[in-house]
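Q: Per full-length UniProt numbering, the sequence shown starts with residue 1, numbered consecutively.
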Amino acid sequence: MVAHVVPKQSEPEFSSCNLPIINVKVGEINCRALIDSGATLNLISFNVLQRLKKLEYVEIPPINLKILSDVSVTTQLAIRTTIGIENSKFPAVLVLAESVLSPIFDIILGLEFLNYHKFILDCGNSTLSNDSIKVSWDFVRMHHRIGYATESNVLDINKVQNEQKFSDVDKDSKTQKGLVNSPPVKRNTQKRKKCKAKKNKTKSLKDLGSCDIVQHETNLTDNLPVRQKPYRVPYALKDEMRKQINTLLDAGIIQPSSSAYSAPVMLVKKADGSHRLVADLRKLNDKTIPDNFPLPNLTEMVDMLSGAKYFSSMDLTSGFHQLKMHPSSAHLTGISTEFGLFEYTRMTFGLRNASSSFQRLMSIVLAGLSELQVSVYIDDVIVASKSISEHLERLEIVFQRLTTANLKLKPSKCSFMQKQITYLGHTVKEGMVLPDSRNLDSIKKALPPKTRKKVRSFLGLAWFYRRFIPNFSKIALPLTNLTKEKIKICMDRGGATSV
């Protein structure tokens, strides 16, 4: 009897790091797409989103995503676009979730896309097909190091897990230590997550970030140029003016111009005694069509922070200068000086709609993070949380977004892991929202208003804190009556009592 020996078959080589990747076009942008039938949604990285020229946003309910670093992120931002495969185009809705993606692919085409367009995955032949196309995919190996920040010039925020304050981040990551009455963050020794973020500090305007996700565009009611003569500069400040112009030129914030538009400039003294070059753009602003991009509701933003225990505040370095001017609008910002005519290549303070443009930019950069108690008002970013570990995870996400957008922070105006913060005229700490004591002092020390303009000014300051004053409307009624044009200003007993 002869034994029948079954030849031993070689087992197929398997690696969980091999991923099916195909080449596609998102709009007109060439991308690499991961085919993932285990993903319920289609996802797009922030890198691709910022390169798309035309964006059609889609309103979606909050979606909670589990990302590779095991952090849950809620997003509400999605776009409607087309996915080009071979010579065919397929409509798709892509959800922004940059943190889940990888350097080796830009988008994820999930079950929603595959089902809608009736794609068939043939894993044996490594093909993706439907009635229109058939395309082969390549297995691409994903390295284990994907997702880590570059090792050079980074701040390891794990080092500050037990610190209350480390505002001096510009001093080689040395921190001001303070005791936090909280147990240490529990660490997984087998799978320790390194939470790192680039230190986007600036030493000078030359190091300033440059972001073109949004470009500031000025639209006018007519095409008649606005041209003004330069303001006279005191002889003692001529050298300072020349220095300011050269600094802006070296940083690429302004450039020589031959524009038909020109506005005068002046030097404004700052609180620290230094000077800032400011363009008087009022005449240009008078004929600028307003941009009605909505700014956040201040009350809602402050209330969102009230349930948190730890707070971090971040301020961008010369934030407006980090946003590029649209090429078609740069010539409108011509400034006239005795040293020549120049124009801004970056958005400048004083332009109408500048705040709207910057808020639009930050809304895109930090899209979907409001559920993580990350709020932004123009160039002020606040991160809040109930625990230290939660706070570090949220900081990592914010740093990653800012780094991707090439936006840089001003270290001297950043503070981290605070238990109390002053924000938008309010002092916020655990479970409490209070008026900023400095503003209250201004109200208390205000003299009785003697003109209608001063009455309105005083009412505006007091009105800001009306939520803290019971029956505010009734108390302020005598002053409100004084703002009416036909009523003579007379600080009688009712008005004085109201004040």
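Even glycine gets a Cβ: it sits at the ideal position worked out from N, Cα and C.
1. Between which two residues does the alpha helix (DSSP H) harbouring P478 extend?
2. State yes or no: is the beta carbon of L459 nearer than 7 Å to at least one beta carbon in chain E?
3. Any idea if K408 is buried or exposed, counting beta-carbon neighbours within 10 angstroms, 16 or more meaning buried?
4. What would DSSP say about G147, mapped onto helix, strand or coil?
5. Based on Cα-Cα distance, which residue from T288, D239, V93 lies nearest to L267?
6. State the beta-bridge partners of R232 as determined by DSSP.
7. Thinking C-alpha only, which one of G27, E56, R51 is nearest S88?
8. Which stretch, first to last residue, makes up the alpha helix (DSSP H) that contains N47?
9. Would you give the residue range spanned by the alpha helix (DSSP H) that L96 belongs to?
10. List the residues that DSSP assigns as beta-bridge partners of T40.
11. Under a three-way DSSP split, which group does F349 fall into?
12. Which full runs of the alpha helix (DSSP H) of 4+ residues lie inside the region 286-346, going along the chain?
13. Is it buried or exposed for R438, if we count other Cβ within 10 angstroms and need 16 for buried?
14. Excluding the 5 residues flanking Q190 on each side, which residues of the same chain have their C-beta closer than 7 Å to its C-beta?
15. From P20 to G38, what does the alpha carbon distance come to, in whole angstroms?
16. How would you call I469, buried or exposed, if buried means at least 16 neighbouring beta carbons within 10 angstroms?
17. S306: which of I443, F119, Y423 sits nearest, CA to CA?
18. What does the Cβ neighbour count give for E343, buried or exposed, with the cut at 16 atoms within 10 Å?
19. For Y116, count the other beta carbons within 10 Å of its own beta carbon; 16 or more makes it buried, fewer makes it exposed. Which is it?
20. Count the other CB atoms within 10 Å of the CB of Q176; is the residue buried (16 or more) or exposed (fewer)?
21. Assuming V365 and A405 form a contact by the criterion Cβ under 8 Å, report the distance between their Cβ atoms to the nearest whole angstrom.
22. Which two residues bound the contiguous alpha helix (DSSP H) that contains N115?
23. Scan the region 368-437 and note each continuous beta strand (DSSP E) run of 3 residues or more that stays entirely inside, going in chain order.
24. So if DSSP puts F105 in a beta bridge, which residue, or which two residues, is it bridged to?
25. Using only CA atoms, which one of R80, A78, G110 lies nearest to T40?
26. Within a Cβ cutoff of 8 Å, which residues of the same chain sit near T483, ignoring the five residues on either side of it in sequence?
27. If you draw a straight line from the C-alpha of N47 to the C-alpha of E86, how long is it?
28. Looking at C-alpha atoms only, which residue of S102, R80, L220 is the closest neighbour of K287?
29. Quick test of the definition: if touching needs 3 or more C-beta pairs under 8 Å, does the region 249-267 touch the region 300-317?
30. When burial is assigned at 16 or more other CB atoms within 10 Å of the CB, is L295 buried or exposed?
A: According to the structure data:
1. 472-482
2. Given the protein chain composition of this structure (a single chain), no chain E is represented.
3. buried
4. Confidence at G147 is low in this model, with a pLDDT of 34, below 50, so the placement of that residue is unreliable and no value is reported for it.
5. D239
6. For R232, which the question treats as bridged, DSSP gives no partner whatsoever.
7. G27
8. Residues 46-49.
9. Not the alpha helix (DSSP H): L96 falls in the beta strand (DSSP E), residues 88-96.
10. In the DSSP output, where bridge partners are listed per residue, T40 has none listed.
11. coil
12. 298-305
13. R438 comes out exposed.
14. Bear in mind that a pLDDT of 30 at Q190, under 50, signals an unreliable position, so the number given afterwards is only what the model happens to contain. Nothing listed; no residue qualifies.
15. 12 Å
16. exposed
17. Y423
18. Here E343 is buried. Its C-beta has 16 or more other C-beta atoms within 10 Å.
19. exposed
20. Confidence is the limiting factor: at Q176 the pLDDT is only 32, short of 50, which leaves the residue's position unreliable, though a coordinate-based value still follows. Exposed.
21. 5 Å
22. Run containing N115: 111-116, per the alpha helix (DSSP H) assignment.
23. Qualifying beta strand (DSSP E) stretches, in chain order: 374-377, 380-385, 415-418, 420-423, 426-429, 432-435.
24. S102
25. G110
26. R452, V455, R456, L459
27. 23 Å
28. L220
29. no
30. exposed
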